[in-house]
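To get the working numbering, take the position in the sequence shown, counting from 1, and add 377.
From the three backbone atoms N, C-alpha and C, an ideal C-beta is built for every residue, glycine too.
These figures come from a predicted structure and were not determined experimentally.
Let me begin by presenting the structure, written as structure tokens, before commenting on it.
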Amino acid sequence: MAEIGIFVGTMYGNSLLVAEEAQAILNEQGHSARVFEDPSPADWEAYKEKYALVVTSTTGQGDLPDSIMPLYQFIHDRLGHQPALRYGVIALGDSTYAHFCGGGKKFDALLQDQGAQRVGDVLLIDGSEHPEPESVSNPWVEQWAARVK
Ligand SMILES: Cc1cc2nc3c(=O)[nH]c(=O)nc-3n(C[C@H](O)[C@H](O)[C@H](O)COP(=O)(O)O)c2cc1C
378 MAEIGIFVGT MYGNSLLVAE EAQAILNEQG HSARVFEDPS PADWEAYKEK
428 YALVVTSTTG QGDLPDSIMP LYQFIHDRLG HQPALRYGVI ALGDSTYAHF
478 CGGGKKFDAL LQDQGAQRVG DVLLIDGSEH PEPESVSNPW VEQWAARVK
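Next comes the structure, spelled out in structure tokens:
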């Protein structure tokens, strides 16, 4: 059983829906998962020796949505090294844009730079192919849940 914080970056709610379904799957598998919309630094710090699952879309030109940008900035500016953190990333985007899933990729790059340990590959979901992103994320989360101790 693991404690997992699910940190959401969304504009229109797609990522929040994915996060809520992930929470249900993780809890069904015996973990203790909690979703944070508009996640704060304190929310993140509570999980920095546990598990974080970042679920974020991309806006602008490969940018993070406003709901998660302050958290990204805090981690970038204030947390130097997070070797005890284990994490996963689900990135929502659309391949018709130039910087496909740029927001999720940026978050992953930051956590890699800080020495955090990623569990599994980053999941990239293309909204132009999958109008229901949870149909892609739910099977991925099932597998991810089994790798989380
Ligand atoms: C203004 C705007 C800009 C976007 N820019 C990108 C982008 O640069 N790269 C990408 O992969 N997707 C981009 N997208 C697609 C969204 O990330 C995608 O539709 C996603 O499913 C939205 O999820 P959300 O409701 O959680 O925000 C953009 C969408 C909008 C409306």
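Residue i versus residue j: straight-line alpha-carbon distance, rounded
i: residue 488; j: residue 443; result: 19 Å
i: residue 511; j: residue 394; result: 7 Å
i: residue 387; j: residue 482; result: 15 Å
i: residue 408; j: residue 398; result: 14 Å
i: residue 381; j: residue 421; result: 10 Å
i: residue 516; j: residue 478; result: 19 Å
Closest by C-alpha distance to residue i, when choosing among the options
i: residue 474; options: 421, 425, 485, 502; result: 502
i: residue 452; options: 437, 431, 472, 439; result: 431
i: residue 416; options: 383, 469, 435; result: 383
i: residue 500; options: 440, 455, 381, 519; result: 519
i: residue 412; options: 483, 494, 445, 436; result: 445
i: residue 470; options: 480, 524, 449; result: 480
i: residue 390; options: 498, 521, 403, 508; result: 508
i: residue 428; options: 516, 498, 494; result: 494
i: residue 497; options: 476, 490, 525, 478; result: 525
i: residue 404; options: 378, 421, 423, 414; result: 378
Cβ neighbour criterion (16 or more within 10 Å) applied to residue i
i: residue 464; result: buried
i: residue 505; result: exposed
i: residue 600; result: It is not possible to answer for residue 600, since the shown part of the chain is limited to 378 through 526.
i: residue 485; result: buried
i: residue 392; result: buried
i: residue 514; result: buried
i: residue 523; result: exposed
i: residue 419; result: exposed
Closer than 7 Å: residue i CB and nearest ligand 3 heavy atom
i: residue 471; result: With respect to ligand 3, the structure offers nothing, as its ligand set consists of ligand 1.
**Study point:** Residues whose Cβ lies closer than 6 Å to any heavy atom of ligand 1, in chain order
**Key:** So the residues near ligand 1 by this Cβ test are 387, 388, 389, 390, 391, 392, 434, 435, 436, 437, 438, 439, 442, 469, 470, 471, 474, 476, 477, 478, 479, 504.
Review point. What are the complete alpha helix (DSSP H) segments, minimum 4 residues, inside the segment 402-463?
Key: 418-422, 446-455, all fully within the segment 402-463.
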